[in-house]
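For the sequence shown, the residue numbers in the numbering used here are 225 to 334.
All C-beta atoms, glycine included, are put in the ideal place defined by N, C-alpha and C.
Computed from a prediction, not measured in an experiment: that's the story for all the values here.
Notes for the one structure printed next.
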Amino acid sequence: MKEIKAFVKPFKVNDILNQLLQAGYPNTTVSLAEGTGSFKSEETTLSTHFSITNSKVAKIEIVCNDSEVDKIVSIISDKARTGNPGDGIIYVSEIQNVYKVRTGLESKED
């Protein structure tokens, strides 16, 4: 299993989630956050919480089977892309174990 984390512009989230849902991927987590990267836009501001320059970002997280990674990454990339610097970044990581909070037991479910 893999975990996909995508950091994208917040105004792109609805398009991404709708396309993921249509493709059969309804289980996502979305968090709004502040981030800093190599690209600085005119919209970049000083954070009220951190002493760094930052931009508003949305983090989309999905856990999936290995065989689904390319399709999900393609959907996110296609829907998040504006063609401008600062569109975002996608990370794919290996999931080693999954545990159910309710039982504390390891789960074999996808």
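Subject >> Alpha-carbon spacing of residue 320 relative to residue 305, whole angstroms >> reply: 30 angstroms
Subject >> chain D contact for residue 245 (CB, 9 angstroms cutoff) >> reply: Although the question refers to chain D, the structure presented lacks it and comprises just one protein chain.
Subject >> Rounded C-alpha distance that separates residue 328 from residue 296 >> reply: 29 angstroms
Original post:
Where residue 244 and residue 332 are concerned, what is the direct C-alpha to C-alpha distance, given to the nearest angstrom?
Top reply: 23 angstroms
Original post:
Would DSSP call residue 331 helix, strand or coil?
Top reply: coil
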